[in-house]
Amino acid sequence: MTLHQNLIAGEWVGTDGVENINPSNTNEVVGVYARASADDAKNAIAAAKAAFPAWSRSGILERHAILKKTADEILARKEELGKLLAREEGKTLPEAIGETIRAAQIFDFFAGEVLRLAGEVLPSVRPNIGVEITREPIGVVGIITPWNFPIAIPAWKIAPALAYGNTVVFKPAELVPGCSWAIADILHRAGLPKGVLNLVMGKGSVVGQAMLDSPDLAAITFTGSTGTGKRVAASSIEHNRKFQLEMGGKNPMVVLDDADLTVAVEAAANSGFFSTGQRCTASSRLIVTEGIHDKFVAALTEKLKGFVVDDALKAGTHIGPVVDAGQLKQDTDYIAIGQSEGARLAFGGETISRDNPGFYLQPTLFTEATNQMRISREEIFGPVASVIRVKDYEEALSVANDTPFGLSAGIATTSLKYATHFKRNSEAGMVMVNLPTAGVDFHVPFGGRKASSFGPREQGKYASEFFTVVKTAYTLA
Ligand code: NDP
Numbered sequence: 111m112t113l114h115q116n117l118i119a120g121e122w123v124g125t126d127g128v129e130n131i132n133p134s135n136t137n138e139v140v141g142v143y144a145r146a147s148a149d150d151a152k153n154a155i156a157a158a159k160a161a162f163p164a165w166s167r168s169g170i171l172e173r174h175a176i177l178k179k180t181a182d183e184i185l186a187r188k189e190e191l192g193k194l195l196a197r198e199e200g201k202t203l204p205e206a207i208g209e210t211i212r213a214a215q216i217f218d219f220f221a222g223e224v225l226r227l228a229g230e231v232l233p234s235v236r237p238n239i240g241v242e243i244t245r246e247p248i249g250v251v252g253i254i255t256p257w258n259f260p261i262a263i264p265a266w267k268i269a270p271a272l273a274y275g276n277t278v279v280f281k282p283a284e285l286v287p288g289c290s291w292a293i294a295d296i297l298h299r300a301g302l303p304k305g306v307l308n309l310v311m312g313k314g315s316v317v318g319q320a321m322l323d324s325p326d327l328a329a330i331t332f333t334g335s336t337g338t339g340k341r342v343a344a345s346s347i348e349h350n351r352k353f354q355l356e357m358g359g360k361n362p363m364v365v366l367d368d369a370d371l372t373v374a375v376e377a378a379a380n381s382g383f384f385s386t387g388q389r390c391t392a393s394s395r396l397i398v399t400e401g402i403h404d405k406f407v408a409a410l411t412e413k414l415k416g417f418v419v420d421d422a423l424k425a426g427t428h429i430g431p432v433v434d435a436g437q438l439k440q441d442t443d444y445i446a447i448g449q450s451e452g453a454r455l456a457f458g459g460e461t462i463s464r465d466n467p468g469f470y471l472q473p474t475l476f477t478e479a480t481n482q483m484r485i486s487r488e489e490i491f492g493p494v495a496s497v498i499r500v501k502d503y504e505e506a507l508s509v510a511n512d513t514p515f516g517l518s519a520g521i522a523t524t525s526l527k528y529a530t531h532f533k534r535n536s537e538a539g540m541v542m543v544n545l546p547t548a549g550v551d552f553h554v555p556f557g558g559r560k561a562s563s564f565g566p567r568e569q570g571k572y573a574s575e576f577f578t579v580v581k582t583a584y585t586l587a
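Per the working numbering, the sequence shown starts with residue 111, numbered consecutively.
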């Protein structure tokens with residue numbers, strides 16, 4: 111099999127390869143990808159540092175053209191890249207193609223943002239002085255991404271980093287190097303100068319740690335677990351470096367008595383179980399008021415019975431496999447914890463066999479859960495959701511906010527009063543009314559509060575807050 115190498119200083123390098131395994135069929139090797147060392151990471155950082163002065167002063171049309179070309183190629187290859195994504199991560203082919211289209215849209219959006227760079231000119235409070243406020247690139251940006259969105263998350267970090275004139279050292283999750291390699295290859299062929307984007311595939315504990323330890327990274331943008339996020343934060347403070355963290359969620363979805371039952375069930379089924387529940391915006395706490403509780407549980411259970419769990423590439427599959435053996439163990443451990451804590455297993459809970467060996471798990475629904483149980487407080491990151499019964503809206507809101515996390519929150523209701531109150535009083539970064547907690551637009555800010563996020567928002571024009579630094583210049587007229 112061809113070895114997909116790392117991209118350092120504009121050269122494809124590396125000899126030591128790791129197999130990328132398909133979670134739908136563990137007999138299938140998706141590809142072989144180079145494993146970078148700590149020295150490779152250091153070389154990549156040095157290359158990005160050397161490329162920064164020229165790239166940070168490059169013309170906006172050059173940057174626009176490279177990002178636009180990248181968007182166009184990703185879109186033109188959406189079926190092929192979507193298939194690669196489904197094979198390496200396990201989300202269904204329609205979900206994977208949708209994510210690939212999203213990556214193209216993000217590159218397209220930031221190609222446009224390059225042409226909209228602007229500052230401010232203000233009069234000084236002192237006579238005969240003018241004040242200019244401009245945004246400048248930060249320097250070398252380290253990008254560390256998780257496995258659950260193998261093309262969209264790299265896109266929403268790489269595109270703005272480059273658009274605003276930064277150079278990049280990019281370490282994707284070891285489980286899913288395929289889409290990241292494809293993005294690096296496309297950008298390289300689109301004409302990105304040597305060293306502007308460096309790809310270092312490899313272990314977080316080696317390559318990622320070498321990035322954290324480097325004094326030459328001006329910023330790190332990270333998405334992943336809370337534990338690694340804390341390491342990024344601690345190392346960044348030590349090196350006086352800007353950092354941005356997107357971490358876990360324990361997102362609530364409130365269902366009120368007055369909800370449209372079909373809308374509520376659709377939103378809950380999507381939020382809890384699509385993409386195998388492996389989304390930081392997934393809803394795993396369904397907070398349901400007494401009057402609709404039994405009807406909602408019955409209808410959601412019926413819906414789950416109809417979901418086909420199978421190979422991500424098979425037509426008709428609703429839920430693909432869990433990403434790997436470690437994540438499957440985490441999911442089944444939490445299912446056992448839920449039962450031991452006294453929640454009622456209303457549906458699922460079992461691993462299942464399919465034609466090919468893979469990490470298949472039934473969608474799993476608990477009822478009679480309380481908000482104090484571990485299954486209600488800790489991120490499971492699998493197709494597992496719990497129903498928490500509450501008396502009324504006030505209790506629902508209080509339970510929704512009673513969590514260390516604050517990424518996304520949803521409410522199903524036909525009441526304008528409750529919808530408006532929830533939007534205002536939810537302690538989450540993103541609020542959804544009669545919509546799934548997952549599923550966001552690319553041109554508006556993405557991010558959370560409390561333990562879910564730290565630093566400026568990602569995506570849309572708000573991305574400039576992280577990927578640029580402000581300069582205030584005074585001139586005597
Ligand atoms: P991690 O935080 O371990 O991985 C995220 C990224 O950080 C990966 O690229 C990883 O590399 C890298 N990394 C790991 N250790 C270090 C280190 N010491 N220094 C620098 N980088 C490092 O999360 P996992 O992917 O292992 O997932 C674990 C849990 O995190 C999930 O079960 C889920 O609960 C949560 N999660 C949340 C996500 C979200 O979007 N909120 C996304 C993914 C996971 P490598 O892959 O090589 O280890």
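Ideal placement from N, C-alpha and C gives every residue a C-beta, glycine not left out.
The beta-carbon separation of I485 and F476, rounded to 6 angstroms, stays under the 8 angstroms limit for a contact. Per DSSP, P233 is one residue of the beta strand (DSSP E) stretching across 230-233. One thing to note: A548 has its Cβ no nearer than 7 angstroms to the Cβ of R395.
In this structure, the alpha-carbon of F556 lies about 23 angstroms from that of I347. With a cutoff of 6 angstroms, Q319 counts as near the ligand NDP, since its C-beta is closer than that to a heavy atom of the ligand. Taking Q472 as the centre and dropping the five residues before and after it, the same chain places the C-beta of V419, G458, G459, E460, I462 closer than 7 angstroms to its C-beta, in chain order. In this structure A583 is in contact with E242, their Cβ atoms being roughly 5 angstroms apart against a cut-off of 8 angstroms.
Taking C-beta separations shorter than 6 angstroms and ignoring five residues to either side along the sequence, the partners of M363 in its chain run A378, S381, S393, L396, G520, T547, following chain order. Between the ligand NDP and the CB of S345, the shortest heavy atom gap is not smaller than 6 angstroms.
When DSSP states are grouped into helix, strand and coil, K267 belongs to the helix group.
Judged by DSSP secondary structure, V123 falls outside any alpha helix (DSSP H) and instead within the beta strand (DSSP E) spanning 121-123. DSSP places P247 in the uninterrupted beta strand (DSSP E) bounded by 239-247. Around the CB of R197, 16 or more other CB atoms lie within 10 Å, so the residue is classed as buried.
Distances from the CB of A151 to the heavy atoms of the ligand NDP are all 6 angstroms or more. Each residue's CA atom was taken as its position, placing N116 and V509 some 46 angstroms apart.
Not a single heavy atom of the ligand NDP lies less than 6 angstroms from the C-beta of N481. About 19 angstroms separates the Cβ atoms of I263 and E183, ruling out a contact at the 8 angstroms cut-off. By alpha-carbon distance to G416, the top candidate from F332, Q440, T474, T442 is T474. Distances between the C-beta of L322 and the heavy atoms of the ligand NDP include at least one below 6 angstroms. Every unbroken stretch of the alpha helix (DSSP H) spanning 4 or more residues and falling wholly within the region 508-569 is given here in chain order: 526-535. DSSP lists R395 as the beta-bridge partner residues of P362. In the structure shown, the three-state DSSP call for N308 is strand. Distance from the Cα of E505 is smallest, within the candidate group L526, N481, P514, for N481.
Of V375, A422, P431, D367, the smallest CA-CA separation from G401 is found for D367. In this structure, the beta-carbon distance from L307 to I176 does not fall below 7 angstroms.
Non-local beta-carbon contacts of D370 in its own chain, meaning distances under 8 angstroms to residues more than five positions away in sequence, involve A522, T524, N544 in chain order.
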